[in-house]
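Below is one structure, written out as structure tokens, with a few remarks after it.
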Amino acid sequence: MMESTLKYMVIGVGNAGSQVAVQAMKFGFPVIVINSSDKDLGRNVITNKIPALIIGGRRGAGRNRDTAKQFLKDDLQKIFSTEGFIHTVQDSDVIFVVASTAGGTGSGCAPLLVNRLQKMFPQKIIIFYGILPKNSEAPQAQFNTLECLKEVTNKKSPMTYMLADLASYENDAAEVAYEKICNYIANTMCVLRGDTMHESPYGMIDENDLVTIIGEPGYMAVYTISNVTQTELEKSTSQRLLIRQIQESPTCRIQMDKKVMKMGIIIDAPSSIEDASKSANFAELEAYTGTPLDAFMNYSISTTGRGSISLIMSGCSAPMDRIADCTDIANKARAQFEDTNETTVADEIDVLDFMIDRKSHNVVAAKTRALNANRANPASTVASIADDIDDDIFG
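The sequence shown begins at 100 in our numbering and counts up one residue at a time.
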């Protein structure tokens with residue numbers, strides 16, 4: 100592996116983000132987790148070696164994105180005045196903010212946190228890394244995903260974002276699917292860290308090349324194939340193997356409009372066989388993905404008999420076809436509620452007198468309002484940053 104002077108860190112937000120942070124730490128990434136639930140920070144979820152910050156009332160956000168965003172706004176000063184957090188951020192060049200798009204805490208807080216980090220540290224590369232839900236997950240998960248991606252893809256607040264798709268493991272048990280997706284995310288982070296690059300006379304990607312690739316705003320897709328054998332490359336080509344990986348990968352499928360701004364191809368071949376990529380001829384791959392504005396190659400010869408192939412594509416279009424899947428599921432659920440007989444429902448409510456004034460009778464809601472009213476307001480610098488949020492984007 101080629102030594103890199105770039106420093107990386109991972110911020111896991113919510114339960115899913117925390118699980119990714121646990122896996123990323125195994126690969127040597129400095130990590131910090133942020134959550135609104137004490138239970139999600141239990142020792143069965145994360146280890147006591149991971150710094151954890153709690154926001155809100157410590158009871159979670161109840162899958163409510165607006166609640167989660169308010170938690171973050173209220174506690175932004177506390178987060179940015181935490182020595183461990185600010186020191187690790189300041190010491191990093193590339194920061195991954197990882198969260199599920201489907202829940203409350205991660206989905207609501209992560210895009211907002213990326214926005215705040217971008218404003219406070221404009222010289223750093225901040226990457227939102229979202230985990231899309233299975234198609235079989237509840238409609239609310241799809242609604243939250245749509246709202247989250249609306250913020251992430253908003254051109255008023257451009258950001259680099261990556262998406263891993265749990266729908267790739269639709270039939271796996273939840274714990275199996277999450278284990279697979281967390282491992283996959285950690286591996287793609289390793290690609291962006293340069294772990295698969297080796298010194299070579301055939302062409303190398305240096306730190307500034309890598310910054311140029313991964314600093315491009317928009318959707319970024321990363322693919323990696325390990326343990327590539329001589330036989331595989333004799334039967335196929337490196338570019339054909341990458342195309343198959345694009346089609347089968349847990350990375351959210353790219354929009355097939357052939358728009359890609361930057362491309363990085365990293366090949367560590369098991370021998371000096373003839374391969375078009377060695378001469379920087381990417382015609383086969385680009386016929387499938389589109390021709391990038393700029394392409395970078397790192398081609399080396401493996402001395403172990405096995406190699407690896409990785410691809411980074413940045414500045415891609417938003418994956419609208421995949422987003423449409425979530426929209427269809429959400430719309431079907433909405434249609435079911437709209438079809439409800441409103442007259443019958445009104446009659447039932449009239450019978451239940453105590454439901455007429457639900458605000459005054461909802462003890463939990465009343466206590467929550469009281470607790471929120473008593474929360475200390477964040478002060479000075481970070482408070483002003485929290486207030487400086489485009490309501491059209493983050494609400």
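Ideal Cβ positions, reconstructed from N, Cα and C, are used throughout, including at glycine.
Buried or exposed for residue i, please, with buried defined as at least 16 other CB atoms from any protein chain shown within 10 angstroms of its CB.
i: Arg292; result: buried
i: Gln189; result: exposed
i: Glu89; result: A question about residue 89 goes unanswered here, because the residues of the chain that appear run from 100 up to 494.
i: Met319; result: buried
i: Ser117; result: buried
i: Asn380; result: exposed
i: Met261; result: buried
i: Glu236; result: buried
i: Leu211; result: buried
i: Asp294; result: buried
i: Pro221; result: exposed
i: Gln338; result: buried
i: Ala325; result: Note that residue 325 is Ser in the sequence shown here, rather than Ala. The residue is exposed, with fewer than 16 neighbouring Cβ atoms inside 10 Å.
So, at 8 Å on beta carbons, what are the nonlocal neighbours of residue i in its own chain, with the 5 sequence-adjacent residues on each side left out?
i: Gly183; result: Ile131, Pro150
i: Val495; result: No answer is possible for residue 495: it lies beyond the span of the chain, which begins at 100 and ends at 494.
i: Pro418; result: Leu262, Tyr318, Cys351, Arg352, Ile353, Gln354
i: Lys125; result: Ala285
Once the 5 residues before and after residue i are set aside, which same chain residues still bring their CB inside 6 Å of it?
i: Ile342; result: Tyr387
i: Met412; result: Ala320, Val359, Met362
i: Phe170; result: Ser135, Ile154, Gly155
Which residues bound the beta strand (DSSP E) around residue i?
i: Ser325; result: 317-328
i: Gly229; result: 224-231
i: Ile110; result: 107-112
i: Ala151; result: 151-153
Provide the residue(s) that pair with residue i in DSSP beta bridges, ordered along the chain.
i: Lys361; result: Asp393, Ser413
i: Thr350; result: Ala263
i: Phe195; result: Val109, Ile226
i: Val121; result: Beta-bridge pairing links Val121 to no other residue.
i: Ser136; result: Arg158
Take residue i and list the residues in its own chain whose beta-carbon comes closer than 7 Å to its own, dropping the five residues that flank it on each side.
i: Thr336; result: Asp374, Ala375, Glu383
i: Lys249; result: none
i: Gly389; result: Lys357, Lys358, Val359
Compare the beta carbon distance of residue i and residue j with 9 Å and say whether it is the shorter of the two.
i: Arg433; j: Pro232; result: no
i: Ile226; j: Thr259; result: yes
i: Gly205; j: Ala115; result: yes
i: Lys358; j: Gly406; result: no
i: Phe195; j: Val109; result: yes
i: Ala209; j: Ala201; result: no
i: Ser416; j: Ile366; result: no
i: Met288; j: Tyr107; result: yes
i: Pro129; j: Asp264; result: no
i: Thr323; j: Asn286; result: yes
i: Asp137; j: Arg162; result: no
Could you tell me the boundaries of the alpha helix (DSSP H) in which residue i lies?
i: Ile342; result: 337-347
i: Asn307; result: 306-313
i: Ile372; result: Here Ile372 belongs to no alpha helix (DSSP H), and DSSP marks it neither H nor E.
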